[in-house]
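In order, the protein sequences belong to chains A and B.
Per numbering that gives the first Met the number 0, residue 0 is the first one in the first sequence, and the count goes up by one each step.
Per numbering that gives the first Met the number 0, residue 0 is the first one in the second sequence, and the count goes up by one each step.
Below you'll find the structure, written out as C-alpha cells, and then a few comments.
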Amino acid sequence: MIPSVAPAPAGSPAEAPAAGAAAPTVSRRPALTRFSGSKLFASPGSIAGVAWLAAMVAASVTAPLWLPFKTEDQDFTAVLSGPTAAHWLGTDELGRDLLSRIFAAAAGTLGTSMITVLVAVGLGTILAMLAAAGGDRTESVISRTTEIMMSIPGTVIILAVIGAVGTNIPVVMAILGILISAGIYRVMLGQAKSLQSQLYVDAAKVDGVSMLGISLRHVLPGLTNTIVVQSALIFAVGMLIQAGLAFIGFGPPIPQPSWGGMIQSASQHVYDAPWLMVPTGAVLALTVLAANAIGNALGKSPNATASHLPSAAARRQRAKAVSAIAAASPVNPEEAPAQDQLSVRNLSVGVDGSVRLVTDVSFDVERGTVLGLVGESGCGKTMTALSLLGLLPSGVSVTGGEILWNGRNLAAATDKDMEGIRGREIALISQEPMRALDPMFTVGYQLTAAIRRLRGMGKAEARTEALGLLQKVGIVDAERILKTYPHQISGGMAQRVAIALALSGRPRLLVADEPTTALDVTVQAEILSLLRSLVKDTGMSVVIVTHDLGVVADICDRVAVMYAGQVVESGQTAGILDNPRHPYTLALLAADPHANSAADMPERLATISGQVPQPKDWPAGCRFAARCQFAGSACAAPVPLLPSGSESGLVRCVKADELAVEGLAWVPTEVPTHRLLDVTPKVMTVEKDLA
Amino acid sequence: MSIETPARQAPAAVLATPILEVKDLVVRYGRGRKAAAAPAAVDRVSFTIQPGETVGLVGESGSGKSTIGKAILGLQKVSAGSISYQGKDITHAGSGRRRALGSELRAVFQDPNSSLNPRQTVGASLAEPLRIRGVAAPDARDRAEAMLERVGLPREAVDRYPSQFSGGQRQRIAVARALICEPSLVVCDEAVSALDLSTQAQVLNLLADLRDERGLSYLFIAHDISVVQFLAQRVVVLYRGQVMESGPAAAVTEDPKHPFTQALVAASPVPRPAEQAERRTLRESMGVRTASSVSNAPGGCPFRQRCPLATELCATERPALRVVGGSDVACHYA
C-alpha cells in the first residue's frame with residue numbers, strides 16, 4: 000500500500016499514449032530536471048552528499064558480489080579487532096567482518112527508509128492537493144484530521160504496531176510514513192493553495208479541465224521542488240528512527256545485521272573496544288548528513304544569494320564609486336543652483352559598473368514645480384528617481400554625473416550623508432501605498448514614530464502633528480484613522496497616509512514613483528489634486544515618475560520623456576504634449592486611447608512596433624531608430640540632445656526640425672508584427688528613409 | 000435592456016438570440032447570516048451581448064466587474080439570477096457541461112505573468128484546451144503554431160517557456176490560447192491593464208482585428224473607460240455591484256447621465272494640458288465626495304454618500320434603470 004508519487008508525472012494518464020507517439024512535438028519537461036539539477040551541483044556539500052549517497056546505493060545493491068565475508072562468518076582469531084588487512088573495518092564481538100555487515104544491512108536500511116519517504120511525502124502531497132482543490136469544507140476536514148494525527152505520540156503508535164505485527168520493518172516504516180505525512184501536508188498546503196489560485200488554473204477550469212487534471216498538470220509540477228526537498232529530509236529521519244528502533248531491540252531479528260543493532264552491540268563494548276562504534280556510526284551519520292545536504296541545496300531559493308540589503312562588498316563598491324565621483328566633480332560654489340533647486344547633470348546609473356541603465360540624464364527642478372519623468376517600463380525612469388534618494392537596488396550604482404541639491408552633490412554622498420537627507424529634505428512615495436506602511440502597527444504609531452525621529456519632537460507633540468498632517472492630506476476623520484491598522488483602510492486612504500508619512504520630515508523635494516498607478520481614476524484625481532495643493536502651499540518640489548500622459552498633463556510643469564535610459568525630449572509640459580518633437584513622444588500620444596474621444600476614436604490605435612531594447616542591446620546611434628517610422632541613415636550616429644526651438648525645450652532627434660516643418664504624424668501602420676516582434680531583441684540597423 | 004444599434008461595426012443579425020444574457024445576477028461572498036446581511040458583491044445585474052457585439056464592463060475596484068466575469072466563466076458560484084449562453088441556461092452548469100462550453104466561451108485574464116503556467120511550454124499551454132477535446136497532439140501543435148503566427152509571434156515560440164517573452168507577448172499568447180478553439184464569446188478581464196501604452200495599443204488592435212475577422216463577441220472588463228470605449232459598442236457602468244448606467248459607448252462616455260459615470264469620465268485624465276485643466280475644474284466643481292471608508296448600509300442607491308444630487312429618497316429607495324437619452328440610467332435625478 001504505497002502510493003507511488005513520481006516526482007513529475009506532468010501528463011495525465013489518458014494523455015500518455017498520444018504524447019508518447021508525438022514525443023518531439025509538445026514536450027512537457029518535468030520541472031524537476033530543469034529546476035533542481037543545477038542547484039544540486041552548486042555547492043561542495045551537496046556534491047559530496049550526492050556522491051556519498053550514490054556510492055552507498057551502488058555498494059549496497061552490488062554487495063552480494065563483492066563483500067569479502069558472509070555476514071554470519073565468524074573469525075574467532077580476530078574478535079573485536081581494529082582495521083586489519085583481512086578485516087578493513089575490523090570485527091565485532093563474534094569476530095564478524097564489520098565491512099560486510101554494514102553493507103549487507105545497507106540495502107535494507109536505505110530501502111525501508113524510502114518506504115517512509117514515499118508514504119509520507121506521497122500521502123502528504125495528495126492530501127494537500129485535495130484540500131487545495133476541494134474548497135473550504137474539504138480543507139477543514141483534512142486539516143482537522145492531520146491535526147489529530149500530529150497530536151498523537153508517534154513513538155507509542157510505532158511500539159503498539161510492533162507489538163501487534165512484530166518487527167516487520169516495512170510495515171513499521173509505512174506506519175511511520177503515515178504519521179509524518181500530517182507534517183508534510185502542513186508544509187505543502189500553503190503552496191498548493193497558492194498554485195491553485197493562479198490565473199492559469201482559472202484558465203484551465205474555463206477549458207473544462209477536471210480537478211484531477213488541474214492538480215496533476217498545474218499544481219503538482221509546482222510542488223516538485225518541495226517534494227524533493229522534503230523527501231531528502233524525511234529519508235534522513237526515517238534512517239535515524241529505524242536505527243533507533245533497532246538500537247532498542249526492535250530491528251530485524253538477530254543475527255541479521257542492522258545499523259541500529261550494530262550500534263547497540265558496539266555500545267556494550269564502548270570501553271573495551273571503542274573502535275567498534277566508529278565504522279557503523281560514521282556510515283549512519285554520513286548518510287544522514289548527505290541526505291540533509293542534498294535537501295538544503297535543493298531547498299535554497301534560486302536568488303537566495305542576492306539578498307535585499309546590499310552586501311558588504313556591494314557597499315564597499317558603492318562607496319568606491321561615490322568617492323570616485325566626488326573626486327571627479329567637486330561642487331563649484333559659483334555654479335551651484337539656487338536653494339531647493341534640484342539639478343541633475345549627466346547622470347549615469349549602471350549595474351556593477353558595466354551595463355548602463357541610465358545614461359547622461361540631465362534635468363532641473365525649480366523650487367515649487369513638478370517635473371514628470373515619463374516613458375514605458377524599462378526606460379530607466381524609476382532608476383533615475385531612486386538615485387535621487389540614494390535608494391538604488393543592490394548592485395546598481397551611480398556611475399557618473401552630478402545630482403546637485405542645496406550645495407551638495409548627492410551622487411557623491413555617502414550612505415551616512417544620505418540618511419540625513421532622506422525623509423528630511425527629500426522624501427519618497429511609492430506605487431504601492433500598502434508597502435510603505437507596516438501592517439503590524441497602527442497608522443498613528445508609524446506616523447508619530449517618523450515625526451519623532453525626523454523632527455525630534457515629544458510624544459504628545461508628535462501626535463498633534465500627526466493629526467495635523469492627516470488633515471493636511473485631506474483625511475476628514477483623522478482621529479479615527481490614527482487608530483486603524485493599514486489593512487483596515489482603502490487604497491486611496493493608504494496613499495494619503497503614505498503621503499502624510501512622506502511629509503512628516505517636512506521635505507523640500509518629493510519623489511513620487513507611480514503614485515497613482517494602483518488607484519482608481521476617481522481616487523487618482525483626488526491624489527493629484529492633493530499633490531498640487533501641497534506644492535502650492537509649501538513650495539515643495541515634486542519629481543513624479545509615471546507612464547500616464549494624462550497624469551503628466553494634469554500635474555506637471557515640466558516633463559522629461561525617457562527612452563532606453565536617455566532623455567529624448569524635455570521641456571514645458573504644454574509644449575511637449577501639444578506639440579511633440581520627438582517621434583517617440585509622438586508615438587506615445589498616438590497610442591494612447593485617452594487622446595481620443597469616443598466620437599473620433601480611430602479604427603486602430605497607433606502602435607510602436609517591437610519593444611524597448613535591453614541595455615546590452617542599445618545601439619551607438621539613436622536608440623529609438625529600430626522602432627521609428629521616420630528613421631533614416633543619419634540615425635546610426637550618436638544623437639545629441641539639442642534645443643528644440645520652443646522655449647527651453649530639448650530634443651534628441653536628428654530629424655526633429657524636418658518633422659516639425661513637414662508636420663508628419665505617427666500613423667497607425669500595419670506592420671507585419673511577427674517580423675518586428677522578434678523573441679530575442681536584436682540590434683537592427685534600419686535603412687528606410689521616409690523623408 | 001434595449002437593443003441599440005452599435006456605434007461601430009454593426010453586427011450582422013441584431014435580432015438573433017443574444018449570445019449571452021445575464022439576468023438579475025446576484026453574487027454573495029461567504030456563507031451564513033453575516034454574509035447574507037452584507038451588501039452583495041454583485042446585486043441584480045442584467046445585460047445582454049449580441050452576436051458580434053462587444054460590451055464593456057466598467058467600474059472601480061470592488062465594483063464586482065471581475066466577479067461577473069468569473070460567474071459567467073463558472074469560476075464563481077451564483078447566489079441568484081441566471082446566465083444564459085445562446086438561449087441555454089448555464090448558471091449552475093456542471094463540469095461536464097462546462098467542458099463542452101469551454102471551447103465557445105473563453106477568457107483572457109489580466110496578469111500575463113500568471114495566466115500561463117511557467118512550467119509548461121507555450122505549445123503545451125495552447126494545446127491544453129484542444130487536447131482535452133480529443134485533438135491529436137500533432138494537429139494541436141499545428142493549430143498552436145498557426146494561432147501564434149496569427150497573433151504576431153513566430154512559430155518557434157511553441158517550444159519556449161512563458162518566461163522567455165515580454166509582458167505584451169505573453170498577453171498575445173493568452174489571446175491565442177483563448178481563440179485557439181474558435182470561440183464565439185471571449186471574456187477579457189482587464190486584458191490590457193498591465194501593459195505599457197504601445198503594447199496595450201498592439202493588443203487592443205489585435206483584439207479588434209480578431210473580432211472583425213471571426214465575428215467574435217467580447218465582454219470587455221476594465222477600469223479604464225477610455226480603453227473600453229475603443230473596443231466596445233455598448234458600455235455597462237457598475238458601482239458597488241449595481242448597474243449605474245448602460246448604453247451605447249459614445250453616449251455613455253461623451254454624454255454620461257448618471258452622476259457616478261460623470262465623475263468617472265471627468266476623472267480620466269487626457270494628455271492635453273489645456274483641456275485637462277478644464278476637465279479638472281469641471282470635476283472639482285461637480286462636488287462628488289471622496290469614497291469614505293464608512294461602510295454602506297444596504298438599501299437605496301449605493302452611490303448616494305458621494306453623490307452631489309442625493310436626497311432622502313436615495314437612501315430609502317433603490318433607483319430602477321430607466322431610459323434617459325440613449326442610455327439606461329439608475330438614478331432618481333438624472
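Glycine is no exception: its CB is placed at the ideal position from the N, C-alpha and C atoms.
Note that this is a predicted model, so its numbers are computed, not measured.
Check	Outcome
Whether residue 367 (chain A) touches residue 574 (chain A) by CB criterion (8 Å)	no
Inter-stretch contact (C-beta, 8 Å, three-pair minimum) for the segment 415-426 of chain A and the segment 491-511 of chain A	yes
Residue(s) in a DSSP beta bridge with residue 321 (chain B)	B:328
Close-in-space but distant-in-sequence residues of the same chain around residue 314 (chain B) (CB under 7 Å, 5 per side omitted)	299 and 303
Sequence-distant residues of its chain with Cβ nearer than 6 Å to residue 589 (chain A) (five each side left out)	605 and 665
Proximity below 8 Å, CB of residue 653 (chain A) to CB of residue 633 (chain A)	yes
Residue 696 (chain A) - partner residues in DSSP beta bridges	Since the first residue shown for chain A is 0 and the last is 690, residue 696 (chain A) is missing from the structure and cannot be characterised.
The segment 108-116 of chain A contacting the segment 233-240 of chain A, beta-carbon criterion three pairs below 8 Å	yes
As assigned by DSSP and simplified to three states, the class of residue 187 (chain B)	strand
Nearest candidate by alpha-carbon position, reference residue 262 (chain B), set B:66, B:243, B:274 and B:247	B:243
4 or more residues per run - each alpha helix (DSSP H) lying fully within the segment 69-118 of chain B	94-100
At least 3 beta-carbon pairs within less than 8 Å: the segment 52-69 of chain B vs the segment 222-234 of chain B	yes
Per DSSP, cross-strand counterpart(s) of residue 569 (chain A)	A:559 and A:649
Closer than 7 Å at the beta carbon, the chain A residues around residue 241 (chain B)	Those within 7 Å of residue 241 (chain B) in chain A number zero; the least Cβ separation is about 17 Å.
Within-8 Å CB hit, residue 309 (chain B) to chain A	no
Assigned exposure category for residue 476 (chain A) - 16 Cβ within 10 Å defines buried	exposed
Any C-beta of chain B under 8 Å from that of residue 523 (chain A)	yes
Identity of the residues DSSP links to residue 372 (chain A) by a beta bridge	A:544 and A:559
Sub-8 Å separation of residue 50 (chain B) and residue 89 (chain B) beta-carbons	no
Minimum Cβ-Cβ distance from residue 226 (chain A) to chain B less than 8 Å	no
Contact the segment 88-99 of chain A vs the segment 142-150 of chain A: 3+ CB pairs below 8 Å	no
Min CB distance residue 72 (chain B) to chain A below 8 Å	yes
Exposure label - residue 194 (chain B); buried when at least 16 CB within 10 Å	buried
Buried versus exposed, by CB contacts within 10 Å (16 or more), residue 61 (chain A)	exposed
CB contact flag (residue 564 (chain A), residue 355 (chain A), <8 Å)	yes
Residue nearest to residue 662 (chain A) in terms of C-alpha spacing, selected from A:364, A:638, A:580 and A:591	A:580
Chain A within 8 Å of residue 127 (chain B), Cβ atoms only	yes
Minimum C-alpha distance to residue 491 (chain A) - residue among A:48, A:58 and A:529	A:529
Span of the beta strand (DSSP E) around residue 256 (chain B)	No beta strand (DSSP E) holds residue 256 (chain B); DSSP gives it neither H nor E.
For residue 170 (chain A), three-class secondary structure by DSSP	helix
Boundaries of the beta strand (DSSP E) in which residue 396 (chain A) is found, first to last residue	395-404
Option in B:69, B:35 and B:279 with minimal Cα separation from residue 107 (chain B)	B:69
Test: residue 238 (chain A) CB closer than 8 Å to a CB of chain B	no
Whole runs of the alpha helix (DSSP H) within the segment 419-489 of chain A, excluding any shorter than 4 residues	432-435, 442-454, 458-471 and 477-481
Close-in-space but distant-in-sequence residues of the same chain around residue 137 (chain A) (CB under 8 Å, 5 per side omitted)	129 and 130
Spatially closest choice to residue 347 (chain A) from A:370, A:398, A:450 and A:437, by CA coordinates	A:398
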